[in-house]
Amino acid sequence: MPGEVKCMVEECNHNQNKSCHADSIEVRSNGGKKVNSTGDTCCGTFKP
Ligand code: SF4
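For the sequence shown, this note's numbering assigns the number 1436 to the last residue and increments by one with no breaks.
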């Protein structure tokens, strides 16, 4: 991915030193409700 994507989810297989190394990511709403804050979003590319 061009540029750096910082990510604090160190449990993800794509994460190296709090940086995402996936080719691309997909960000989704976290549940069915209307999104109003960062907490309402989640990464759909997370790999355990
Ligand atoms: S895929 Fe998502 S959760 Fe995993 S390191 Fe990248 S941004 Fe973070």
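We put the beta carbon where it would ideally sit given N, CA and C, even for glycine.
Because the structure is a prediction, the values reported are computed rather than measured.
Indicate the three-state DSSP secondary structure (helix, strand or coil) for residue i in the structure shown.
i	result
threonine 1433	coil
Check whether the Cβ of residue i lies closer than 7 Å to any heavy atom of ligand 1, and answer yes or no.
i	result
threonine 1426	no
asparagine 1403	yes
threonine 1429	no
valine 1397	yes
valine 1393	yes
Relative to the alpha-carbon of residue i, which residue among the options has its alpha-carbon at the smallest distance?
i	options	result
cysteine 1430	Met1396, Glu1392 and Asp1411	Met1396
Taking just the CA atoms, how far does residue j sit from residue i?
i	j	result
valine 1393	serine 1407	6 Å
proline 1436	glutamate 1398	10 Å
Within 10 angstroms of the Cβ of residue i, are there 16 or more other Cβ atoms? Answer buried if so, exposed if not.
i	result
asparagine 1401	exposed
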